[in-house]
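Here the structure comes first, spelled out in structure tokens, and everything after it is commentary.
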Amino acid sequence: DVKVTQSSRYLVKRTGEKVFLECVQDMDHENMFWYRQDPGLGLRLIYFSYDVKMKEKGDIPEGYSVSREKKERFSLILESASTNQTSMYLCASSATNEKLFFGSGTQLSVL
Amino acid sequence: QKEVEQNSGPLSVPEGAIASLNCTYSDRGSQSFFWYRQYSGKSPELIMSIYSNGDKEDGRFTAQLNKASQYVSLLIRDSQPSDSATYLCAVNSGGYQKVTFGTGTKLQVIP
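So this is what it looks like as structure tokens:
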């Protein structure tokens with residue numbers, strides 16, 4: 007069965023902390039994505055990667071960075087967490103752009 | 044900014060009725076269109092994709108696309124309480140791996 011695993015379901019951090027969100031897929035997909043989902047704003051693309059060590063900015067990359075050292079792993083990094091980064095973070099992967107497989111999400115609270 | 048617009052709802056329909064969900068998009072160059080279903084507290088999952096004008100049927104679900112009007116819809120026949128969820132319209136606007144989501148329509152099927 008297809009699986010995208012996000013390391014934490016809930017996370018609470020302090021403002022200014024460096025935060026790592028990890029995502030692992032077991033489907034050998036080339037493409038991986040990080041979205042955040044907020045009420046009334048829907049899903050917004052932060053970053054995506056179409057190959058190892060490759061990354062592209064999405065619609066809202068400010069305050070975030072990413073790392074993809076291995077094909078199966080895509081990490082989202084908040085260099086200095088702020089309260090406006092409190093959100094649900096969803097990782098997804100795809101072989102083509104036809105179907106996105108989502109992880110279960112990480113609800114991040116920044117206090 | 045390429046946009047995907049949906050009515051947030053909630054759309055309430057009685058059990059057994061047809062639910063009609065609508066979506067408009069701004070980019071005429073869009074090529075691929077998707078409907079995702081998201082249950083409360085869960086991740087989105089793909090239920091339909093459509094690429095050419097007309098209708099595409101899959102069981103109780105029918106996706107309809109009209110590129111001239113920049114309009115895509117999802118019909119759910121014989122609606123069941125288990126169909127109660129938020130339905131997300133997503134559009135690939137031709138940019139590499141860039142899928143833009145609407146904010147979703149919440150559907151409530153009343154037994």
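Sequence order for the protein chains is L and X.
All you need for my numbering is the position in the first sequence, starting with 1, plus 6.
All you need for my numbering is the position in the second sequence, starting with 1, plus 43.
We put the beta carbon where it would ideally sit given N, CA and C, even for glycine.
Given the structure is predicted, the values throughout are model-derived calculations rather than measurements.
C-beta neighbour in chain L for residue i, strict 8 angstroms
| i | result |
| --- | --- |
| Ser112/X | no |
| Leu131/X | yes |
| Gly72/X | no |
| Thr146/X | yes |
| Lys149/X | no |
| Val115/X | no |
| Val134/X | no |
C-beta neighbour in chain X for residue i, strict 8 angstroms
| i | result |
| --- | --- |
| Lys59/L | no |
| Glu68/L | no |
| Ser81/L | no |
| Glu104/L | yes |
| Leu17/L | no |
| Ser110/L | yes |
| Leu27/L | no |
| Gly46/L | yes |
| Leu51/L | yes |
Whole-angstrom C-beta distance between residue j and residue i, which should lie under 8 angstroms
| i | j | result |
| --- | --- | --- |
| Ser127/X | Gln151/X | 5 angstroms |
| Asn135/X | Ser73/X | 7 angstroms |
| Asp4/L | Glu78/L | Residue 4/L lies beyond the stretch modelled for chain L, which goes from 7 to 117, so this question has no answer here. |
| Tyr95/L | Gly111/L | 7 angstroms |
| Leu114/L | Ser93/L | 6 angstroms |
| Val10/L | Phe108/L | 6 angstroms |
| Gly59/X | Ser122/X | 7 angstroms |
| Leu131/X | Leu49/L | 7 angstroms |
| Val116/L | Ala98/L | With a Cβ gap of about 22 angstroms, Val116/L and Ala98/L do not count as contacting. |
| Tyr53/L | Val72/L | 4 angstroms |
| Thr67/X | Glu88/X | So it is not a contact: roughly 23 angstroms between Cβ atoms. |
Residue i, DSSP secondary structure in three states
| i | result |
| --- | --- |
| Ser125/X | helix |
| Thr112/L | strand |
| Gln113/X | coil |
| Thr89/L | helix |
| Tyr70/L | strand |
| Asp101/X | strand |
| Leu106/L | coil |
| Arg50/L | strand |
| Arg42/L | strand |
Give, in chain order, every unbroken run of the beta strand (DSSP E) that is at least 3 residues long and sits entirely within the stretch 45-97 of chain X. 54-57, 62-68, 75-81, 88-93
What are the residues in the stretch 86-112 of chain X lying within 8 angstroms of chain L by C-beta distance? Residues passing the 8 angstroms Cβ filter: Ser86, Pro87, Glu88, Leu89, Ser92.
Can you give me, in chain order, the residues of the stretch 88-101 of chain L that have a beta carbon less than 7 angstroms from any beta carbon in chain X? Leu96
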